[in-house]
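Visitor: Using mature numbering (1 follows the signal peptide of the UniProt record, and there is no 0), the letters of the sequence shown correspond one by one to residues -19 to -1, 1 to 337.
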Amino acid sequence: MRFLAAALLSILLTMPADAQAKPQLFTLDHPAMGTTYTLYIYAADRAQAEAEAGPVFDEIDRLEELLSNYRPSSELSRINREAYPGPVTTDPETFAFLAAAQHWSEVSHGGFDITVGKLMKGWGFFRHEGRIPSEAELDQLRAETGWQKMVLDAANRTVRFTAPGVELDPGGIGKGFAVDKAVAILREEHVQAAMLSAGSSTIYALGVPPDAPKGEQGWKVVVPDPNHAGEAVSTITLRDTSLSSASCAEKHFILGGHLYCHIMNPAKLRPVEGMLQVTIVDPSATASDALSNVLFVEPVAESRRLLTTLPEDHALVITGEPAADVSSGASTGSACHPMRWRDTIDARRCTLDFNP
């Protein structure tokens, strides 16, 4: 889904008062990486917008071919097959991607973990067939999961797994990585104002819309209320920065009246509970994508501690138990935990927690 009213995040755009005003805002969609990438771009006409969007979407397609764990021909799939006993020599770009993933694993002490490929399959998320693994299966998954089981050698640009059965899943960082690379293309094209969204996961806002109201310093983005569809919990202005959101709303399954989220707690080998939504702003889309997952997994107190080491970041964490009937929008006891959040929060939507 795009970042519109029905998505986790929605974009408020002020359309030009003069229909003939130039440049105009164009919206272009492109399916990739299991979602829809949407580019909001200002151009003189649609032909120019499509010409500028072409290289951006080509870059996303190129990265999907490199990093997809659904395509047997991808470099990531080759690593999954061959890195044990390994080592496997890979290209500079894939190595940089894996190094970024390992960095956030180290920073979060395993809260972020790219080695959850088998874990996602064990819980049925890889093929969208939710299931609860047996205790014997969980024991096996424990042997096949763990960020320290991936060893990178920067000098030789190799990756190896220290145990059989380890599989990488790029889902918690791949879209952000692609957004960063695509935005670099926009900058090379000297695009002054655009916004790129990777479904409901990550966005990057470039420049200031030329038709923004006087005094407006960027793109207005709504952070939705996870309990009430179509309602906002906060609105934020973004300029030359990224925002990522993690939530169970779009990917989950329900068994026995219980909702199981697709975001895994690697230490517990099971879906995260007690969390509704995490929204975080960081200059890097790669970082914000990974960090949205880290903060979704970690206790609120640990997330606050982590944010003290990231002075450019601010986040809004919303805790609570999602309702099994997600269409009802109901949950129990939701609380908003702002972490250097700079914008107003609608206190009607949640209990505010400003504890350090």
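Cβ coordinates follow ideal geometry from the N, Cα and C atoms, glycine included.
Does DSSP put Ser115 in a helix, in a strand, or in coil?
Guide: Residue mapping note: residue 115 aligns to position 134 of the sequence shown, counting from 1. Reduced to three states, the DSSP call for Ser115 is coil.
Visitor: Answer yes or no: do Thr19 and Ser178 have a C-beta to C-beta separation smaller than 8 Å?
Guide: To locate residue 19, count along the sequence shown from 1; it is residue 38. To locate residue 178, count along the sequence shown from 1; it is residue 197. In contact: Thr19 and Ser178 (Cβ atoms closer than 8 Å).
Visitor: Which of helix, strand or coil does DSSP assign to Ala316?
Guide: Here residue 316 is taken as the residue at index 335 of the sequence shown, counted from 1. In the structure shown, Ala316 sits in a strand (DSSP, three-state: E or B).
Visitor: If you draw a straight line from the alpha carbon of Arg251 to that of Phe335, how long is it in whole angstroms?
Guide: Translated into the one-based positions of the sequence shown, residue 251 becomes position 270. Translated into the one-based positions of the sequence shown, residue 335 becomes position 354. So the alpha carbons of these two residues sit roughly 29 Å apart.
Visitor: Mind checking who Arg123 pairs with in its DSSP beta bridge?
Guide: Sequence index remark: in the sequence shown, residue 123 carries index 142 (1-based). DSSP output for Arg123 lists no bridge partner at all.
Visitor: Terminal residues of the continuous alpha helix (DSSP H) containing Ala173?
Guide: On the sequence shown, position 192 is the one that residue 173 refers to. At residue 173 the sequence reads Gln, which differs from the Ala that was named. It is not in any alpha helix (DSSP H) - Gln173 carries neither H nor E in the DSSP assignment.
Visitor: Identify whether Phe234 lies in helix, strand or coil by the three-state DSSP scheme.
Guide: Numbered from 1 along the sequence shown, position 253 holds the residue referred to as residue 234. Note: Phe234 maps to strand in three-state DSSP.
Visitor: Is Lys156 helix, strand or coil when you go by DSSP?
Guide: Counted from its first residue, the sequence shown places residue 156 at position 175. Looking at Lys156 - three-state DSSP - the assignment turns out to be helix.
Visitor: Alpha carbon to alpha carbon, how far is Gln121 from Ala186? Give it in angstroms, no decimals.
Guide: Indexing the sequence shown from 1 puts residue 186 at position 205. Indexing the sequence shown from 1 puts residue 121 at position 140. Taking the straight line from one Cα to the other gives about 42 Å.
Visitor: Could you give the distance in angstroms between the alpha-carbon of Thr332 and the alpha-carbon of Trp322?
Guide: Taking the sequence shown and counting its residues from 1, the one referred to as residue 332 is at position 351. Taking the sequence shown and counting its residues from 1, the one referred to as residue 322 is at position 341. Near 15 Å, if we compare the C-alpha coordinates of Trp322 and Thr332.
Visitor: Does the Cβ-Cβ distance between His295 and Phe106 come in under 8 Å?
Guide: Within the sequence shown, residue 295 is the residue found at index 314, counting from 1. Within the sequence shown, residue 106 is the residue found at index 125, counting from 1. Contact: no.
Visitor: Out of Leu240, Thr16 and Asp150, which has the shortest C-alpha to C-alpha gap to Gly127?
Guide: Position 146 of the sequence shown, counting from 1, holds the residue named residue 127. Among Leu240, Thr16 and Asp150, the Cα nearest to that of Gly127 is on Asp150.
Visitor: Can you tell which of Ala174, Ile41, Ala268 and Val69 has the C-alpha that lies nearest to the C-alpha of Ala135?
Guide: Taking the sequence shown and counting its residues from 1, the one referred to as residue 135 is at position 154. The candidate whose alpha carbon is nearest that of Ala135 is Val69.
Visitor: Suppose contacts are defined by Cβ-Cβ distances below 8 Å. Is Phe78 in contact with Gly153 by that definition?
Guide: On the sequence shown, position 97 is the one that residue 78 refers to. On the sequence shown, position 172 is the one that residue 153 refers to. Contact: no.
Visitor: Thinking C-alpha only, which one of Trp200, Val253 and Gln5 is nearest Pro280?
Guide: Start at 1 with the first residue of the sequence shown, and residue 280 comes out as number 299. Nearest option by C-alpha distance: Val253.
Visitor: Over the uninterrupted beta strand (DSSP E) stretch that includes Lys201, give me the two end residues.
Guide: Position 220 of the sequence shown, counted from the first residue, corresponds to residue 201. Note, Lys201: beta strand (DSSP E), Trp200 to Pro205.
Visitor: Answer with buried or exposed for Glu293, where buried requires no fewer than 16 other C-beta atoms within 10 angstroms of its C-beta.
Guide: Position 312 of the sequence shown, counted from the first residue, corresponds to residue 293. Exposed, since its Cβ has fewer than 16 Cβ neighbours within 10 Å.
Visitor: Between the segment 270 to 279 and the segment 193 to 206, can you find at least three pairs of beta-carbon atoms closer than 8 Å?
Guide: In short, these stretches do not touch, since the Cβ pair count stays below three.
Visitor: Would you call the segment 157 to 165 and the segment 134 to 148 touching, i.e. three or more CB-CB distances under 8 Å?
Guide: Not touching, per the Cβ criterion.
Visitor: When you compare only the Cα positions, how much space is there between Pro53 and Glu197?
Guide: The sequence position of residue 53 within the sequence shown is 72, counting from 1. The sequence position of residue 197 within the sequence shown is 216, counting from 1. When rounded, the distance between both Cα atoms is 46 Å.
Visitor: Roughly how far, in whole angstroms, is the beta-carbon of Val189 from the beta-carbon of Ala174, given that I think they are within contact range, below 8 Å?
Guide: Here residue 189 is taken as the residue at index 208 of the sequence shown, counted from 1. Here residue 174 is taken as the residue at index 193 of the sequence shown, counted from 1. Confirmed, about 6 Å.
Visitor: Taking 7 Å as the limit between beta carbons, can you name the residues of its chain near Arg112, skipping five residues before and five after?
Guide: In the sequence shown, the residue the question calls residue 112 occupies position 131. Result list for Arg112: Trp104 and Gly105, in chain order.
Visitor: So the beta strand (DSSP E) Val214 belongs to, where does it begin and stop?
Guide: Start at 1 with the first residue of the sequence shown, and residue 214 comes out as number 233. Residues Ala213 to Leu219.
Visitor: Which residue wins for smallest C-alpha separation from Met245, given the options Leu100, Ala24 and Trp85?
Guide: What you label residue 245 is simply residue 264 of the sequence shown in a count that begins at 1. Closest by alpha carbon: Leu100.
Visitor: Going straight from the alpha carbon of Ala117 to that of Arg123, what length do you get?
Guide: Locating residue 117 in the sequence shown gives position 136, where the first residue counts as 1. Locating residue 123 in the sequence shown gives position 142, where the first residue counts as 1. Rounded to the nearest angstrom, the two C-alpha atoms are 10 Å apart.
Visitor: Expressed to the nearest angstrom, what Euclidean distance is found between the alpha-carbon atoms of Thr17 and Arg27?
Guide: As a first step, residue 17 is located in the sequence shown; it is residue number 36 there, counting from the start. As a first step, residue 27 is located in the sequence shown; it is residue number 46 there, counting from the start. When rounded, the distance between both Cα atoms is 19 Å.
Visitor: So, are the CB atoms of Ala82 and Ile41 less than 8 Å apart?
Guide: Reading the sequence shown from its first residue, position 101 is the one you call residue 82. Reading the sequence shown from its first residue, position 60 is the one you call residue 41. Cβ distance not < 8 Å, so Ala82 and Ile41 don't count as in contact.
Visitor: If you check the beta carbons only, do Met320 and Ser265 fall under 8 Å apart?
Guide: Reading the sequence shown from its first residue, position 339 is the one you call residue 320. Reading the sequence shown from its first residue, position 284 is the one you call residue 265. For Met320 and Ser265, no; Cβs fall outside 8 Å.
Visitor: Pick out whichever of Ala248, Gly155, Glu63 and Met256 has its Cα sitting closest to the Cα of Leu240.
Guide: In the sequence shown, the residue the question calls residue 240 occupies position 259. Residue Met256 is the option with its Cα nearest to Leu240.
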